[in-house]
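Quick note on numbering: the working numbering labels position 128 of the sequence shown as 139, and the sequence is numbered without any gaps.
Working notes, structure below.
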Amino acid sequence: MTTPWAIRTKNLTKLYRSRQGNHLAVQGLTLQVADGETVGFLGANGAGKTTTIKMLLNFIQPTSGQAWLYDVPCGEPRARQKVGYLPEQPYFPRFLTPRELLSAHATLAGVSPREAEHRIALALEMARADGFAHRPIGKLSKGMTQRVALAQALVGDPQLLILDEPASGLDPVSRVEMRNVLHALKEQGKTIFLSSHHLGEVELLCDRVAIIHQGRLLAFGTPEELVQQTDRYTLVAQQVSETLKRALRQIASHVRREGTQVVATIESMYLPEVLHRFARGEGQLMSLVRQRETLEEAFLRIVQNALPAAPLEKAA
Ligand SMILES: Nc1ncnc2c1ncn2[C@@H]1O[C@H](COP(=O)(O)OP(=O)(O)OP(=O)(O)O)[C@@H](O)[C@H]1O
Ligand SMILES: [Mg+2]
Numbered sequence: 012m013t014t015p016w017a018i019r020t021k022n023l024t025k026l027y028r029s030r031q032g033n034h035l036a037v038q039g040l041t042l043q044v045a046d047g048e049t050v051g052f053l054g055a056n057g058a059g060k061t062t063t064i065k066m067l068l069n070f071i072q073p074t075s076g077q078a079w080l081y082d083v084p085c086g087e088p089r090a091r092q093k094v095g096y097l098p099e100q101p102y103f104p105r106f107l108t109p110r111e112l113l114s115a116h117a118t119l120a121g122v123s124p125r126e127a128e129h130r131i132a133l134a135l136e137m138a139r140a141d142g143f144a145h146r147p148i149g150k151l152s153k154g155m156t157q158r159v160a161l162a163q164a165l166v167g168d169p170q171l172l173i174l175d176e177p178a179s180g181l182d183p184v185s186r187v188e189m190r191n192v193l194h195a196l197k198e199q200g201k202t203i204f205l206s207s208h209h210l211g212e213v214e215l216l217c218d219r220v221a222i223i224h225q226g227r228l229l230a231f232g233t234p235e236e237l238v239q240q241t242d243r244y245t246l247v248a249q250q251v252s253e254t255l256k257r258a259l260r261q262i263a264s265h266v267r268r269e270g271t272q273v274v275a276t277i278e279s280m281y282l283p284e285v286l287h288r289f290a291r292g293e294g295q296l297m298s299l300v301r302q303r304e305t306l307e308e309a310f311l312r313i314v315q316n317a318l319p320a321a322p323l324e325k326a327a
């Protein structure tokens with residue numbers, strides 16, 4: 012038996028119509044996410060990420076095209092049975108405590124009362140929300156509310172997590188904690204589809220990355236497939252002469268000392284001269300590695316090279 016697709020979309024399109032004008036927010040989006048995969052959904056503000064996610068969850072209907080969750084059309088309520096969702100702007104009743112909220116969600120997810128206690132405790136602990144489980148949600152900070160939103164997404168023990176900017180509003184320590192939680196969920200074999208602006212974290216976490224720009228999918232692949240070689244080389248050297256150190260400080264984009272060693276990143280155009288100096292005995296070259304782009308650099312290149320959007324189609 013083949014592995015099912017957790018998410019599948021075919022030519023998914025959303026045209027928002029309003030008196031102020033129409034806006035084609037998502038255009039012909041076709042992608043597949045395998046069960047057990049972790050996929051990062053990247054795009055600038057307004058690229059169409061939340062609109063896509065809302066169509067997957069049937070909060071809004073596509074103008075055209077189709078989407079399925081585990082082969083069930085997204086329009087059918089049972090498509091959401093295996094899904095935990097963290098919204099972009101979580102809104103919860105202010106007077107409820109996280110525990111009460113999770114209890115309600117567990118009931119909605121069909122968890123038996125006996126199992127609910129265990130699931131709620133586990134979800135609160137995983138999301139690091141157990142420290143304020145009994146405080147009214149209205150009195151929590153943004154980052155705390157975000158953790159409650161994650162706990163709420165986890166409480167039904169869903170196989171597919173759809174997370175719209177899960178790290179939004181989190182401090183750096185909490186962001187790392189969130190990444191660790193997502194790693195743990197990934198280890199458990201869960202499917203994770205998350206939108207994010209934290210490309211460094213996406214690079215560390217995701218099996219594949221989809222880049223959407225002005226509603227169109229520009230790239231979809233592993234981070235290794237998306238990043239290219241750059242024109243930069245990083246060298247590590249020791250016993251570097253003062254003249255070569257001075258030269259490196261002028262030409263290198265980064266240069267630092269690490270103990271007795273010098274680490275410098277230089278453009279390929281400077282390579283012949285620098286190698287020549289090492290050959291002349293101005294230092295001992297220990298390693299020389301061509302740099303690859305970071306995911307952030309690849310993202311910027313892909314988005315900047317994109318053709319301008321097609322003219323907006325007239326609404327019928
Ligand atoms: N209800 C709506 N009516 C009309 N236009 C909308 C509506 N919701 C979103 N849009 C527009 O659709 C486009 C895509 O919005 P969307 O919220 O999907 O972007 P996003 O990729 O999630 O951005 P962000 O990173 O800022 O969250 C934007 O231009 C937005 O203004
Ligand atoms: Mg959004």
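Even for Gly, the Cβ is constructed at its ideal location relative to N, Cα and C.
Coil, strand or helix - residue i by DSSP
i    : result
Q315 : helix
Q250 : coil
E47  : The amino acid occupying residue 47 in the given sequence is Gly; Glu does not appear at that position. The answer is coil: DSSP assigns G47 none of H, G, I, E or B.
G39  : strand
L77  : The sequence as given places Gln at residue 77; Leu does not occur at that position. The answer is strand: DSSP assigns Q77 an E or B state.
F52  : strand
S123 : coil
E278 : strand
F310 : helix
K153 : helix
A17  : strand
I71  : coil
P84  : strand
N22  : strand
Q31  : coil
L135 : helix
S185 : helix
R89  : helix
Bridge partner(s) assigned by DSSP for residue i
i    : result
G95  : L172
H116 : DSSP lists no partner for H116.
E269 : Q272
R303 : Q240
V220 : G51, G232
T202 : L171
Y102 : According to DSSP, which records beta bridges pairwise, Y102 is partnered with nothing at all.
Q163 : DSSP, once it has assigned bridges, lists no residue as partnering Q163.
Q261 : For Q261, which the question treats as bridged, DSSP gives no partner whatsoever.
R227 : H224
When the options are compared against residue i, the one with the closest alpha-carbon
i    : options                : result
R190 : I223, A164, G211, L68  : G211
Y102 : H129, L68, Q163        : Q163
F310 : L53, G47, A248, A58    : L53
V274 : F289, A221, L246, I313 : L246
R19  : N69, C85, A115, L26    : C85
L133 : R146, L119, H145, L113 : L113
G57  : A117, Q170, S206       : S206
L119 : V44, V184, S75, P169   : P169
L68  : G39, A17, P109         : A17
P147 : R130, P109, V166, Q100 : P109
G270 : R125, V251, A140       : V251
Q272 : F231, E253, E278, M66  : E253
T24  : R30, A115, E214, A78   : A78
G294 : L172, R303, L255, H265 : L255
I173 : L26, Y27, G51          : G51
T156 : Q100, L165, L193       : Q100
D46  : L40, Y81, R312         : Y81
H265 : Y244, V285, Q249       : Y244
E308 : D242, A258, L296, L286 : D242
Environment of residue i [buried if 16+ CB atoms lie within 10 Å]
i    : result
L237 : buried
F204 : buried
K153 : exposed
A195 : exposed
D175 : buried
V37  : buried
M280 : exposed
S179 : buried
E324 : Low per-residue confidence applies at E324: pLDDT is 48, beneath 50, and the placement is therefore not dependable enough to give any value.
A263 : buried
T63  : buried
F106 : exposed
F70  : exposed
A138 : buried
A290 : exposed
Q315 : exposed
Q225 : buried
K60  : buried
**OP:** Pull every residue with its beta-carbon under 7 Å away from any heavy atom of ligand 2, and keep them in chain order.
**Re:** K60, T61, E99, D175, E176, S206
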